[in-house]
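Residue numbers (our numbering): 542 to 728.
Using N, Cα and C, we set each Cβ at its ideal position, and we do this for glycine too.
No experiment lies behind these values; they were computed from the predicted model shown.
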């Protein structure tokens with residue numbers, strides 16, 4: 542199901558995404574601690590950013606992989622090194638804008654437009670599902686700890702942004718493949 546290389550790449554993805562978002566997503570702490578000068582790298586912020594952001598990207602890519610595999614199409618996860626380096630560079634120069642494209646799933650072939658459409662939409666639909674799960678937990682689960690509630694609220698926002706962004710009909714985003722394949726199926 543996974544090669545050792547893929548597992549290593551998934552760990553790199555989680556670490557890179559956690560590092561990049563650790564400046565934007567900070568671990569909840571007592572209010573007075575926010576006034577202290579922040580270090581270049583804060584382990585608590587890194588861990589919290591990994592927990593909040595990595596599932597959105599990780600499950601998105603794994604959804605593509607597993608849907609492709611369900612059609613009998615060999616698929617494997619690949620790191621997009623340029624995307625990771627750009628994201629880390631933007632973090633290092635303290636850019637207010639983040640561009641994070643840490644990886645993708647490689648498909649050697651796709652037999653039909655219908656299969657390609659389902660494989661392409663699997664990732665964004667996973668983000669939409671994670672958005673609804675976070676929303677429902679925040680709405681119906683009472684007595685959440687502060688850290689959990691903040692993490693769910695951030696996860697909700699991140700997954701909605703990823704869903705909307707990935708459904709834009711611009712190459713190479715998933716939305717382009719979905720709309721292109723849907724057009725080919727209809728016409």
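query, result
"Chain-order list of residues whose beta-carbon lies under 8 angstroms from that of residue 652 (same chain, five-residue window excluded)", "612 and 614"
"Residue 591 versus 606, 603 and 551, residue with shortest Cα-Cα distance", "551"
"Residue span of the alpha helix (DSSP H) that contains residue 543, given as start and end", "Unbroken run through residue 543: none, as it is neither H nor E."
"Residue 618 - containing beta strand (DSSP E), residue span", "617–620"
"Closest Cα partner of residue 626 within the set 702, 720, 561 and 692", "561"
"Residue 641 - DSSP class collapsed to helix/strand/coil", "coil"
"Nearest-angstrom Cβ-Cβ length linking residue 703 and residue 597, presumed shorter than 8 angstroms", "6 angstroms"
"Residues that residue 647 bridges to, as DSSP identifies them", "617"
"Per-residue DSSP class, three states only, for residue 568", "coil"
"C-alpha gap between residue 582 and residue 554, whole angstroms", "18 angstroms"
"Contacting residues, own chain, Cβ-Cβ under 6 angstroms from residue 701 (five flanking each side not counted)", "672"
"Cα-Cα separation, residue 618 to residue 607", "11 angstroms"
"Cβ neighbours of residue 657 in the same chain (closer than 7 angstroms, five flanking residues each side left out)", "651, 718 and 722"
"Residue range of the alpha helix (DSSP H) that includes residue 606", "584–611"
"Integer-rounded CB distance, given that residue 643 should sit under 8 angstroms from residue 557", "6 angstroms"
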